[in-house]
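Working notes for the structure below.
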Amino acid sequence: MSAPAPTPVSAPTRARAREPFDRRLTRAVQTVTGRSLGPYQSAIVRIGFSLTWLLFLLRELPHRHQLYGFESPWSWGMAERLIADNRAFTVLLWSDGRIWFEIVYALAVLSAALLLVGWRTRAVSVVFMAGVLSLQNRAVFVGDGGDNVLHLAAIYLVLIRCSQVWSLDARRAAREDRAARAGEPPRRDLTGPLLWVVLGGFLVATTWFADVTGEWWIPVLLWVLWLGNGLWWLVCRYAPGEPRTLLDALANLAHNGALLVLMAEVCLIYATAGWYKVQGSRWQDGTALFYPLHLDYFTPWPTLSELLAASGIMVMVLTYGTVIVQVAFPFTLFNRKVKNVLLVAMMLEHAGIAVLLGLPVFSLAMISADAVFLPTVFLVALGARATRIRDRLLRRAPEKALPEQRRTDAQGPADEQRHTDAQGPADGERPAGGEHGPRTLVG
Amino acid sequence: MDTDVEKGAAGADGAGRTGAGIMALSLPYQVVVAVALAVTGVFACVHLAMVFLHVAPSNTLTKQNGQAVDDWIYPEFEQNWKLFAPNPLQQNVSVEARAELATADGGRRTTGWIDLTAQDAEAVRHNPMPSHTQQNQLRRAVDFYFNSHNDEHRPNGLRGRLSEQYMRRIAVQRLDALPSLGGSDVRRVQLRAVTRPVPAPRWGTEKPKTSAPTYRDFPWWRITDADRSPGAGADRNPADAAPNRTEEAR
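Protein chains in written order, with the working numbering: chain A, -3 to 439; chain B, 4 to 253.
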């Protein structure tokens, strides 16, 4: 787990090296149970994948029936026969009615949008997973690598605390935090319990339809999450001491474990892609890239493809570069600087693929997966810049218009500002209460 | 190192609590956390090992325990990252279809070959965000068909039979949508796959291979109601089509 939060700290690391082993072990156990690591990385992954899925669903809106609905050449009956064999999870087999399909599609869109902004993330991420799995498993033969990585990420995200920053949840938590400090009584939250009850209904339905909904472990996982959330609510209300700390530690464990798996998964993707390429004659003779540039399915801009394919040297450089970067990437995790350079190279290559091969959704999904390795400093700066741009846009809005909205927005940047501040001084305590410190890292 | 970030970030947790994690707990709770830590660690390691064996080439371990790996991975964790590997596809595969139509006077008429893949290529061209219906549906369907059939077009069990029906349904859907065939009653279809190698680059050392296309003909398939989506073609001459319904396509 060296990569997710590579803030430069030299002195403490060296001091730690001299610590006895058992002390270090204790510290490590305390870290993985006491904190959810990589808050910015998990948030950017959440934002990336939910945005990918949202854009995809909106783009396919006119084609949704032909992909996953009643017009699909992969008919409902055929899906039923295949799923009876492979036991994939989909709620679309509950009914072959069109209304049910529209509901599921709408919920998938809604969950992607809500996950993007981080509203009730824990619950929404479960709905998001159910949506991704349901639609993709309904017609597995229309997917590509992008769908595949999204499928995996949707499952892992359920266990990841991905709304610690850059989310409505974080903003709400900070607001409650402030209110508690000011001595105000906590506000009654009705949305959470309501959401819990509604999702409980779906869970009962999932159990009812367990025969056609997939393998046993998904309903079990859903039940555990649902009960866990209910327990968390109870504990927060009635037992805020040790029981709450215990549940928090368990959630941290799940988060850290899932984040580790997600990171390893990204490494496996590149390792597989790279090592299999090494064995190919076209990758060896440096012409591999030439061929996809001449496939009808992947040449949306034939002139552009032709231009790139015209230069043998260029094709070879890109061909070799691709293999080198993919094979090397997992090993560069041991060196922050090299890792970051390769990360930039991979993201640029995917951006190129998006345009050149006409695979924007695939590319966005891969970039979202890569983003788990982005350095915290960069992400914090990115967040600050986004906040600044938003502030500027809002400030330029006519003075008279929507004073109400401006007031709520003024609250938002303050929250995010706080995280930036907290990040800044490596040794200092976060200034208590004072939200508007100087921007240290991003100036 | 980023404890401060954490405190600031996880605002809800940071509020007025003295501690978090295993050190803040008394012994019985610590035991629970320790067990959970062990379970999480083992589970993550096993899962990663399974994923690794799934994406790795066939080896000693997968030859002995392939079933266990498959049971763990399928269906939700299935993955394939041989993207353009070991070699990129070096040929354009087109699916062409021709149909046997029932004419008004009770006879039969066979159309010429209609290139279905060309429709996709046309849709992808100058399209910054091609739909999966254009870029993946037919392309992956024919892939799936070849992977689940032998050279004599014999299916390998359930997936083979399903893929055959899938190809037929795609073909019928596309043919029905053609204005030139509009309203005519498709009784049988035949597909063929046309493979056109991408000529080797001019700047390469290899001589550009002969790029003559190779053809692979599919058998003629009878079209039944099962090959049409409900609503898509249900209202087209039901009386005329009725006599065919008993002949289930194989």
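Cβ atoms here follow ideal geometry from the backbone N, Cα and C, with glycine treated the same way.
Rounded straight-line distance, which links the Cα of residue j to that of residue i
{"i": "B/A23", "j": "A/R240", "result": "9 Å"}
{"i": "A/H415", "j": "A/L304", "result": "Confidence at A/H415 is low in this model, with a pLDDT of 41, below 50, so the placement of that residue should be treated as unreliable; the coordinate-derived value is given next. Going from the Cα of A/H415 to the Cα of A/L304 covers about 44 Å."}
{"i": "A/L106", "j": "A/L78", "result": "28 Å"}
{"i": "A/Q413", "j": "A/R177", "result": "Residue confidence is low: A/Q413 scores 40 on pLDDT, short of 50, so the model does not pin down where it sits. Its coordinate-derived value is still stated next. Roughly 18 Å between the two C-alpha positions."}
{"i": "A/L243", "j": "A/W228", "result": "7 Å"}
{"i": "B/P202", "j": "A/V311", "result": "15 Å"}
{"i": "A/R384", "j": "A/R391", "result": "10 Å"}
{"i": "A/L353", "j": "A/H59", "result": "21 Å"}
{"i": "A/P236", "j": "B/V35", "result": "18 Å"}
{"i": "A/T187", "j": "A/V193", "result": "10 Å"}
{"i": "B/P233", "j": "A/S71", "result": "10 Å"}
{"i": "B/R177", "j": "B/T120", "result": "10 Å"}
{"i": "B/F87", "j": "A/A175", "result": "55 Å"}
{"i": "B/W75", "j": "A/D92", "result": "29 Å"}
{"i": "A/Y272", "j": "A/G317", "result": "15 Å"}
{"i": "B/R162", "j": "B/A59", "result": "24 Å"}
{"i": "A/V128", "j": "A/P288", "result": "28 Å"}
{"i": "A/P182", "j": "A/E172", "result": "7 Å"}
{"i": "A/L300", "j": "B/R164", "result": "41 Å"}
{"i": "A/R388", "j": "A/C158", "result": "27 Å"}
{"i": "A/C442", "j": "B/H50", "result": "Look at the range of chain A in this structure, -3 to 439, and you will see that residue 442 of chain A is not part of it."}
DSSP bridge partner residues for residue i (one or two, in chain order)
{"i": "B/N130", "result": "Note: B/N130 sits in no beta bridge, so no partner."}
{"i": "A/A324", "result": "For A/A324, which the question treats as bridged, DSSP gives no partner whatsoever."}
{"i": "B/R199", "result": "B/N95"}
{"i": "B/P158", "result": "B/H152"}
{"i": "B/D118", "result": "B/E99"}
{"i": "B/D188", "result": "B/A105"}
{"i": "A/T86", "result": "DSSP output for A/T86 lists no bridge partner at all."}
{"i": "A/T295", "result": "BP columns for A/T295 are empty, so no partner."}
{"i": "B/R112", "result": "B/L104"}
CB contact below 8 Å: residue i versus chain A
{"i": "B/P89", "result": "yes"}
{"i": "B/K66", "result": "no"}
{"i": "B/Y77", "result": "yes"}
{"i": "B/P216", "result": "no"}
{"i": "B/R248", "result": "Since pLDDT at B/R248 reaches only 29, below the 50 mark, its modelled position is unreliable, and no value is offered."}
{"i": "B/D118", "result": "no"}
{"i": "B/G115", "result": "no"}
{"i": "B/G236", "result": "Residue placement at B/G236 cannot be trusted, given a pLDDT of 43 that sits under 50; the coordinates are not used to answer."}
CB contact check: residue i to chain B, cutoff 8 Å
{"i": "A/Y316", "result": "no"}
{"i": "A/F45", "result": "no"}
{"i": "A/N144", "result": "yes"}
{"i": "A/D244", "result": "yes"}
{"i": "A/I151", "result": "yes"}
{"i": "A/N82", "result": "yes"}
{"i": "A/E302", "result": "no"}
{"i": "A/E412", "result": "Confidence is the limiting factor: at A/E412 the pLDDT is only 39, short of 50, which leaves the residue's position unreliable, though a coordinate-based value still follows. So no, A/E412 is outside the interface."}
{"i": "A/A260", "result": "yes"}
{"i": "A/T187", "result": "no"}
Coarse secondary structure for residue i, derived from DSSP in three states
{"i": "B/L104", "result": "strand"}
{"i": "B/Q193", "result": "strand"}
{"i": "A/F205", "result": "coil"}
{"i": "A/P58", "result": "helix"}
{"i": "A/W212", "result": "coil"}
{"i": "B/Y218", "result": "strand"}
{"i": "B/W223", "result": "strand"}
{"i": "A/R20", "result": "helix"}
{"i": "A/R118", "result": "helix"}
{"i": "A/D366", "result": "helix"}
{"i": "A/R167", "result": "helix"}
{"i": "B/P233", "result": "coil"}
{"i": "A/W271", "result": "helix"}
{"i": "A/T283", "result": "coil"}
{"i": "A/R240", "result": "helix"}
{"i": "A/V154", "result": "coil"}
{"i": "A/N252", "result": "helix"}
{"i": "A/P181", "result": "coil"}
Discussion item. Which residues of the region 176 to 190 of chain B have a Cβ closer than 8 Å to any Cβ of chain A? Give them in chain order.
Written reply: Listed in chain order, the positions of the region 176 to 190 of chain B with a beta carbon within less than 8 Å of a beta carbon of chain A are Q176.
Fill in: Against chain A: residues of the region 143 to 170 of chain B by CB proximity under 7 Å
R143, A144, F147, L161, L165, Q168, Y169
Worksheet item: Which residues, in chain order, does the region 47 to 61 of chain B contribute to contact with chain A at a C-beta distance below 7 Å?
Response: Those would be A47, H50, L51, V54, F55, V58, in chain order.
Worksheet item: Between the region 91 to 124 of chain A and chain B, which residues of the former have a C-beta closer than 8 Å to a C-beta of the latter?
Response: none
Fill in: Contacting positions in the region 262 to 273 of chain A - beta carbon closer than 9 Å to chain B
L264, I265, Y266, A267, T268, A269, G270, W271, Y272, K273
Item to complete: Using a Cβ-Cβ cut-off of less than 7 Å, list which residues of the region 349 to 374 of chain A approach chain B; keep chain order.
Response: G354, P356, T372
Item to complete: Taking a Cβ distance cut-off of 7 Å, strictly less, list which residues of the region 92 to 107 of chain B are near chain A, in chain order.
Response: L92, Q93, N95
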